[in-house]
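Taking this note's numbering, the leading residue of the sequence shown gets 6, the next gets one more, and so forth.
All C-beta atoms in this analysis are idealised placements derived from N, C-alpha and C, irrespective of residue type, glycine included.
To start, the structure itself, in structure tokens.
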Amino acid sequence: MGLFDKILGREKGNQAQKTNLANTNPNNTLSDQTSIDKALAERRDSIRLEQCIKISYGDVAALGTAFAQMIPSLRTISIEGMGYIPVNMEAGAVLKTARDGLNWGAHVTKGGKSVFTKWAKAGPSSAVMPVNPAAIMMAATLANIEKKLDKIQETQLQILSFLEQDKQAEQQGNLNVLTDILDSYKHNWDNEAYLRNHHMKVLDIKQSAEKNTTFFQEQIAAAIKSLPAIYMDGVVRESVGRLEKLFGSYRMALYLFAFSSFLEVMLLGNFKAEYLSQVAGKVSNYNERYQVHFYKSRDMVHKLSSASVETMVLSGLGNASKALGKLVATVPVLSQGPVDEWLQDGGEKLLKGNEKKVAQTVSMFDGNERIGSEIFIDSIQNVGVINNQTTDILFDGDALYLAVA
């Protein structure tokens, strides 16, 4: 089978024929191809562009001048030395190959016809493509992050809206520092002084955020313990409002911890799989713990709202009204009028009003359900895939592709 048959995906249709030929004469499989044919066939079998990580040149250029400058080099494939290229081979044709791996001066067309091959002399050209592979890997990493910036900013604004006023300014300052570092990193990723100095800033924010996670866990526990045994709706609203603010601060602490953990990875330049797994795992564990705390607290808020004095009274009245309406309906004289229906409808409305009030109270709490730090866990994992699992770098006129294991 010719190389272009494999490229066009015709290999399966001829699998039986290839197997029979191989069994008849094993030396007539890859041994009759040139080393280039073998290499291309093997690479084509293992790499498919649709399974690669694709980074368009537009995304690369958006990272700044330093990355944009390498695009012309990626678009130019150069070869060193003298050689000859076939000029009358149509798509699907293959060169005839001798048993020693060398080519005859003829080729077979896709229709099976043998034709003499015409050759043109190819002059020498520059040999080395002046692109740093590390720059390509970094471009892929940063392009992946850039696509998430809008989501990062949206999440930050949402979290800040749940913070108390005095906490908002402080945390906004920390967010601004981390966001500025993320934005300027693409221009300084190979600047040792920049990486060293900004790593210290990120480390300070990370350590502070981790301490705050413990602090706000304790604050939430204290707020829950302080709830009275008997309470009115006003106490419920006040308590839920307080818990909402505390969970907002708890959430912000975890978000800052995740953000700074990701930036620390980038600033250190430590992309070893074991280290990345450790960092992502720690952030994930904090996230999971938060989710457990959140859902248990939300269930408690639901029970709290359902057990207030007003709620219990209204619930009792609603059930009593429905029961009385049913009783009236069993009395022949009274059942002739609308009294039974009025009592039952009134009881139903009281109960539904209660359910709506409880749902509204719980909904006050739901804004803090998701931390938003999942985006940084995903980014840390992507750094690992790009830097540790890339087997080949390919490129065409529009994009570069990373083939990953």
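How would you label residue i, buried or exposed, when you count the other beta carbons within 10 angstroms and need 16 or more for buried?
{"i": "PHE221", "result": "buried"}
{"i": "GLN56", "result": "exposed"}
{"i": "ASN292", "result": "buried"}
{"i": "ASN196", "result": "exposed"}
{"i": "SER189", "result": "exposed"}
{"i": "THR160", "result": "buried"}
{"i": "ASN275", "result": "exposed"}
{"i": "THR396", "result": "exposed"}
{"i": "ALA174", "result": "exposed"}
{"i": "SER231", "result": "exposed"}
{"i": "GLN176", "result": "buried"}
{"i": "GLY116", "result": "exposed"}
{"i": "ALA410", "result": "exposed"}
{"i": "GLY389", "result": "buried"}
{"i": "ASN181", "result": "exposed"}
{"i": "ILE391", "result": "buried"}
{"i": "LEU259", "result": "buried"}
{"i": "GLY69", "result": "exposed"}
{"i": "ALA139", "result": "exposed"}
{"i": "ALA198", "result": "exposed"}
{"i": "SER266", "result": "buried"}
What's the gap between the Cα of residue i and the Cα of residue j?
{"i": "ALA66", "j": "PHE299", "result": "42 Å"}
{"i": "ASN393", "j": "ILE380", "result": "20 Å"}
{"i": "VAL306", "j": "LYS287", "result": "29 Å"}
{"i": "TRP124", "j": "LEU268", "result": "55 Å"}
{"i": "THR114", "j": "ASN93", "result": "10 Å"}
{"i": "ASN202", "j": "GLN212", "result": "16 Å"}
{"i": "LYS191", "j": "PHE400", "result": "21 Å"}
{"i": "GLN296", "j": "ASN149", "result": "27 Å"}
{"i": "SER289", "j": "HIS112", "result": "59 Å"}
{"i": "LEU200", "j": "GLU223", "result": "35 Å"}
{"i": "LYS301", "j": "ARG256", "result": "15 Å"}
{"i": "HIS204", "j": "MET75", "result": "28 Å"}
{"i": "ILE60", "j": "ALA145", "result": "6 Å"}
{"i": "ALA227", "j": "ASN217", "result": "15 Å"}
{"i": "GLY246", "j": "ILE382", "result": "30 Å"}
{"i": "GLN386", "j": "ILE141", "result": "18 Å"}
{"i": "ILE398", "j": "GLU279", "result": "23 Å"}
{"i": "ALA73", "j": "ILE229", "result": "55 Å"}
{"i": "ILE186", "j": "ASP209", "result": "14 Å"}
{"i": "PRO77", "j": "GLY402", "result": "9 Å"}
{"i": "LEU183", "j": "GLN163", "result": "17 Å"}
{"i": "ALA110", "j": "GLU95", "result": "Per the sequence presented here, residue 110 reads as Gly, with Ala not at that position. The alpha-carbon atoms of GLY110 and GLU95 are separated by roughly 15 Å."}
{"i": "PHE252", "j": "ALA404", "result": "44 Å"}
{"i": "GLU249", "j": "SER384", "result": "28 Å"}
{"i": "SER244", "j": "GLY178", "result": "28 Å"}
{"i": "ALA98", "j": "LEU407", "result": "29 Å"}
{"i": "ASN193", "j": "GLY377", "result": "27 Å"}
{"i": "LEU165", "j": "ALA71", "result": "34 Å"}
{"i": "MET271", "j": "PHE121", "result": "57 Å"}
{"i": "LYS153", "j": "LEU261", "result": "16 Å"}
Taking the DSSP output, what are the residues bridged to residue i?
{"i": "ALA111", "result": "PHE121"}
{"i": "VAL99", "result": "VAL113"}
{"i": "PRO91", "result": "TRP124"}
{"i": "THR218", "result": "Answer is none; THR218 lacks a bridge partner."}
{"i": "THR70", "result": "DSSP lists no partner for THR70."}
{"i": "THR395", "result": "VAL409"}
Under a three-way DSSP split, which group does residue i fall into?
{"i": "LEU407", "result": "strand"}
{"i": "SER244", "result": "helix"}
{"i": "PHE400", "result": "strand"}
{"i": "ILE157", "result": "helix"}
{"i": "SER61", "result": "strand"}
{"i": "SER265", "result": "helix"}
{"i": "ASN196", "result": "coil"}
{"i": "ARG294", "result": "helix"}
{"i": "THR274", "result": "It is Gly, not Thr, that sits at residue 274 in the sequence shown. Coil."}
{"i": "GLY377", "result": "coil"}
{"i": "LYS152", "result": "coil"}
{"i": "SER231", "result": "coil"}
{"i": "MET75", "result": "coil"}
{"i": "VAL390", "result": "helix"}
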